[in-house]
Amino acid sequence: KAGVTQTPRYLIKTRGQQVTLSCSPISGHRSVSWYQQTPGQGLQFLFEYFSETQRNKGNFPGRFSGRQFSNSRSEMNVSTLELGDSALYLCASSVGHGGTDTQYFGPGTRLTVL
Amino acid sequence: AQSVSQHNHHVILSEAASLELGCNYSYGGTVNLFWYVQYPGQHLQLLLKYFSGDPLVKGIKGFEAEFIKSKFSFNLRKPSVQWSDTAEYFCRRSGTYKYIFGTGTRLKVLA
Chain P
576 KAGVTQTPRY
586 LIKTRGQQVT
596 LSCSPISGHR
606 SVSWYQQTPG
616 QGLQFLFEYF
626 SETQRNKGNF
636 PGRFSGRQFS
646 NSRSEMNVST
656 LELGDSALYL
666 CASSVGHGGT
676 DTQYFGPGTR
686 LTVL
Chain D
71 AQSVSQHNHH
81 VILSEAASLE
91 LGCNYSYGGT
101 VNLFWYVQYP
111 GQHLQLLLKY
121 FSGDPLVKGI
131 KGFEAEFIKS
141 KFSFNLRKPS
151 VQWSDTAEYF
161 CRRSGTYKYI
171 FGTGTRLKVL
181 A
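Top line first, the protein sequences correspond to chains P and D.
Converting from the first sequence to my numbering requires adding 575 to each position, the first position being numbered 1.
Converting from the second sequence to my numbering requires adding 70 to each position, the first position being numbered 1.
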């Protein structure tokens with residue numbers, strides 16, 4: 576079974592621009608979660624989608640948004656980029672949502688904001 | 071607010087030494103606990119998880135963890151580490167609406 580894939584793997588943007596990241600979950604998985612990983616803050620939960628509906632949301636500003644399509648693929652959008660948005664963005668998929676499902680992580684998208 | 075604390079940020083051990091990495095979680099709410107590992111250049115992967123039942127949980131690669139409710143702890147252990155265990159280890163808590171990771175512990179095992 577193919578793992579979680581994320582595209583692109585690397586991105587360089589400038590302040591004020593917007594960016595869209597993509598995640599394809601493992602086949603059969605209906606839940607996709609997004610995380611931001613930085614050296615200072617560690618792994619922070621952004622949001623989770625299940626069956627095209629946002630189920631959970633972390634403590635990030637509204638500039639961070641996402642969506643999920645009927646095939647469970649998910650996109651994350653960051654508008655008006657700031658320098659502090661430079662991070663590794665990880666996507667994870669699971670069969671269901673909630674607290675007990677194992678999440679399988681992708682390789683991440685490395686975003687650099689100049 | 072729910073939280074997860076990993077007090078050891080960096081650990082250096084020699085091969086064959088025993089390992090214990092601390093993880094403490096805050097009181098309240100559903101407690102589902104996980105340990106993930108990130109080897110250099112690789113994805114995060116699950117080591118083990120605990121939801122209920124036997125508080126001693128065995129995972130992959132010889133790792134185990136013990137859930138101690140009275141101490142709000144879920145420490146990761148391995149009796150004898152190998153050079154290949156060099157990685158970053160994350161404790162994670164999940165509830166109905168939140169997924170919270172600890173800040174991670176970087177383990178370096180010297181050959």
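By construction, the Cβ of each residue, glycine as well, lies at the ideal position given by its N, Cα and C atoms.
* Asked: What span of residues does the beta strand (DSSP E) with P/Arg685 cover, start to end?
  -> Taking the first residue of the first sequence as position 1, residue 685 of chain P is located at position 110. P/Arg685 -> beta strand (DSSP E) spans 684-688.
* Helix, strand or coil at D/Leu180 [DSSP, three-state] -> Indexing the second sequence from 1 puts residue 180 of chain D at position 110. Three-state result, D/Leu180: strand.
* Sufficient close CB pairs (3 or more, under 8 Å) joining the segment 149-168 of chain D to the segment 84-97 of chain D -> Enough Cβ pairs lie closer than 8 Å, so yes.
* Is the beta carbon of P/Gln593 less than 8 Å from the beta carbon of P/Gly681? -> As a working note, residue 593 of chain P is residue 18 in the first sequence. As a working note, residue 681 of chain P is residue 106 in the first sequence. Cβ atoms of P/Gln593 and P/Gly681: not closer than 8 Å.
* C-alpha gap between D/Ala157 and P/Ser654, whole angstroms -> Looking up residue 157 of chain D in the second sequence gives position 87. Looking up residue 654 of chain P in the first sequence gives position 79. One C-alpha to the other measures close to 33 Å.
* Distance cut-off 7 Å: P/Thr675 Cβ against heavy atoms of the ligand HEM -> With respect to the ligand HEM, the structure offers nothing, as it holds no ligand at all.
* Asked: Helix, strand or coil for D/Lys148 per DSSP?
  -> To locate residue 148 of chain D, count along the second sequence from 1; it is residue 78. Three-state result, D/Lys148: strand.
* Asked: Mapping DSSP to helix, strand and coil, what is P/Leu558?
  -> Absent from the structure is residue 558 of chain P, since the part of chain P shown begins at 576 and ends at 689.
* Asked: Under the three-state reduction of DSSP, which class applies to P/Gly617: helix, strand or coil?
  -> Residue mapping note: residue 617 of chain P aligns to position 42 of the first sequence, counting from 1. P/Gly617: strand per DSSP, three-state reduction.
* Quick one: is D/Tyr169 near chain P, going by C-beta distance under 8 Å? -> As a working note, residue 169 of chain D is residue 99 in the second sequence. Yes, D/Tyr169 lies at the interface with chain P (some Cβ there is under 8 Å from its Cβ).
* For D/Leu89 and D/Leu180, the rounded distance between their alpha carbons -> Within the second sequence, residue 180 of chain D is the residue found at index 110, counting from 1. Within the second sequence, residue 89 of chain D is the residue found at index 19, counting from 1. Near 13 Å, if we compare the C-alpha coordinates of D/Leu89 and D/Leu180.
* Asked: Which residues, taken in chain order from the segment 588-620 of chain P, show a beta carbon closer than 7 Å to some beta carbon of chain D?
  -> Answer set for the segment 588-620 of chain P: Ser608, Gly617, Leu618, Phe620.
* DSSP beta-bridge partners of D/Cys161 -> Within the second sequence, residue 161 of chain D is the residue found at index 91, counting from 1. For D/Cys161, which the question treats as bridged, DSSP gives the partners D/Trp105.
* Can you find a CB in chain D that lies within less than 8 Å of the CB of P/Thr580? -> On the first sequence, position 5 is the one that residue 580 of chain P refers to. Put simply, the CB of P/Thr580 is far from chain D, with every gap to its CB atoms at 8 Å or more.
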